[in-house]
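Numbering (this note's numbering), first residue to last: 2 to 75.
Where a beta carbon is used, it is the ideal one built from N, C-alpha and C, also for glycine.
Please read all numbers here as calculations on a predicted model, not as lab measurements.
A short worksheet on the structure shown next.
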């Protein structure tokens, strides 16, 4: 499961437990195994943004909805 946290930390700005990018602790094999989690991390990010869009779209005009979605993405 540590490869999942490595993928999440690498592809987002979210902090993850027990993941260190220290050069001495970095294992290229572990980073390679993290690649299998990239689609799931993409689904998490995309699902979160879709949720923000759905809720904001029901409450606010399109311009503000767009700003909120981009802000959530960043």
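query                                                                                                                                                                : result
For residue 46, which option in 7, 73, 37 has the closest C-alpha, if you only look at C-alpha atoms?                                                                : 73
Identify whether residue 61 lies in helix, strand or coil by the three-state DSSP scheme.                                                                            : coil
Within a Cβ cutoff of 7 Å, which residues of the same chain sit near residue 7, ignoring the five residues on either side of it in sequence?                         : 20, 31, 32, 35
Contact defined as beta carbons within less than 8 Å: I believe residue 69 pairs with residue 42. What is the distance between those atoms, to the nearest angstrom? : Rounded, the Cβ-Cβ distance is 22 Å, inconsistent with contact.
Starting from residue 34 and walking both ways along the alpha helix (DSSP H), at which residues does that stretch end?                                              : 29-34
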